[in-house]
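Participant:
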Amino acid sequence: MVIIATDGRKRANLHSRSIRHELCSTTRTKYYWICARFRKTIRNKVFVGALSLGTAALHFGLILLGVQAGDKVICQSMTFSASANPIVYQGATAVFVDSELDTWNMCPNAFDTAIKDRISKGKKPKATIAVNLYRMPFNVDQIRAIANEYEILILDDSAESLGSTYRGAHCGTFGDISVLSFNGNKIITTSGDGANVIKNIDLKNKAIFLATQARDNAQHYQHSAIGYNYRMSNICDGIGRGLMEVLDKHSQKRHEMHAF
Ligand SMILES: Cc1ncc(COP(=O)(O)O)c(C=O)c1O
624 MVIIATDGRK
634 RANLHSRSIR
644 HELCSTTRTK
654 YYWICARFRK
664 TIRNKVFVGA
674 LSLGTAALHF
684 GLILLGVQAG
694 DKVICQSMTF
704 SASANPIVYQ
714 GATAVFVDSE
724 LDTWNMCPNA
734 FDTAIKDRIS
744 KGKKPKATIA
754 VNLYRMPFNV
764 DQIRAIANEY
774 EILILDDSAE
784 SLGSTYRGAH
794 CGTFGDISVL
804 SFNGNKIITT
814 SGDGANVIKN
824 IDLKNKAIFL
834 ATQARDNAQH
844 YQHSAIGYNY
854 RMSNICDGIG
864 RGLMEVLDKH
874 SQKRHEMHAF
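Below, the structure is given as structure tokens:
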């Protein structure tokens with residue numbers, strides 16, 4: 624059995640040994656929420672929450688960062704629409720900023736100007752969505768410095784850039800929360816799905832609570848908050864864990880194709 628991408632190309636072979644092994648062990652795994660393989664790849668102490676879509680991971684990321692109706696969120700203008708749509712899901716307003724020539728990603732000067740403009744109009748933006756488009760990291764040092772100066776949270780959209788690095792650090796680790804996608808057109812695919820990369824233990828606990836329908840610790844079904852069912856299925860998790868084994872090979876191939 625193979626997974627076919629939306630463009631009709633074959634993206635994963637479910638007979639491959641690593642995937643078969645992971646699928647078998649997955650059914651015995653009680654908690655597939657933690658994507659241990661990604662943590663191993665980036666050699667970083669982060670929590671990775673496996674979710675049903677990259678778009679869900681963006682929406683969930685905004686929720687976890689506390690973005691609410693009426694907030695302003697700065698978003699890179701040149702990106703896929705899924706980067707921006709979740710801002711509207713939250714009832715917040717997107718403030719689009721232009722890209723820079725070097726990376727084609729968010730221009731630090733335009734970012735700074737947009738923040739100042741919003742502050743002069745009475746409301747500081749709550750967060751920014753910076754995108755590593757086409758596997759090219761955004762200008763992390765400068766965007767991070769500006770965000771820190773104004774205490775603005777970064778949601779790092781690394782949907783397209785699993786396997787890329789910036790000064791030795793892996794894409795998917797630059798934000799207060801980062802987003803990965805395993806959609807059919809990405810470097811590895813589980814047939815859909817996505818993930819949040821979270822660095823803070825409180826946010827991790829909040830993520831587990833909200834992603835499991837916000838079910839309270841009670842004997843019966845009790846919910847004191849609005850929850851979500853955004854979790855990746857355990858079968859897809861098994862495919863993803865198996866495919867993490869070939870991520871380096873796929874990344875290498877991409878570099879070779881780019882160098883051609
Ligand atoms: C930059 C970017 N952000 C977000 C997404 C959304 O990811 P998904 O398709 O997994 O919902 C994609 C890809 O599809 C993307 O390219």
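Residue numbers (our numbering): 624 to 883.
Beta carbons are placed, not taken as given, at the ideal position from N, Cα and C, and that holds for glycine.
Suppose the cutoff is 8 Å on Cβ atoms and the five residues either side in sequence are ignored; what does the same chain contact list for Leu687 look like?
Facilitator: Excluding residues within five positions, the ones whose Cβ falls inside 8 Å are Ile800, Asn819, Ile821, Leu826, Lys829, Ala830, Leu833.
Participant: Is Asn819 near ligand 1, with its Cβ less than 7 Å from a heavy atom?
Facilitator: The answer is no for Asn819.
Participant: Quick one: is the Cβ of Leu685 within less than 7 Å of any heavy atom of ligand 1?
Facilitator: Not so, every heavy atom of ligand 1 lies at least 7 Å from the Cβ.
Participant: So if DSSP puts Ile800 in a beta bridge, which residue, or which two residues, is it bridged to?
Facilitator: Answer is Leu778, Ile821, bridged to Ile800.
Participant: DSSP three-state label for Gly714, please.
Facilitator: Gly714 falls in the coil class under three-state DSSP.
Participant: Using only the heavy atoms of ligand 1, determine whether one of them is closer than 7 Å to the beta carbon of Thr726.
Facilitator: No, the beta carbon of Thr726 sits no closer than 7 Å to any heavy atom of ligand 1.
Participant: So, for Val718: in the same chain, excluding its five sequence neighbours on each side, which residues have a beta-carbon less than 8 Å away from its beta-carbon?
Facilitator: Closer than 8 Å at the Cβ level, and outside the excluded window around Val718, lie Lys695, Val696, Ile697, Cys698, Ala737, Arg741, Pro748.
Participant: Throw me the rounded Cβ distance for the Gly677 and Ala782 pair, which I believe falls under 8 Å.
Facilitator: Correct: roughly 4 Å between the Cβ atoms.
Participant: Tell me the residue span of the alpha helix (DSSP H) that contains Thr736.
Facilitator: That run of the alpha helix (DSSP H) goes 731-743.
Participant: Where does Met729 land, buried or exposed, given buried means 16+ other C-beta within 10 angstroms?
Facilitator: Buried is the call here.
Participant: Would you say the beta carbon of Ala737 is closer than 7 Å to some non-hydrogen atom of ligand 1?
Facilitator: Flag unset: Cβ of Ala737 not near ligand 1.
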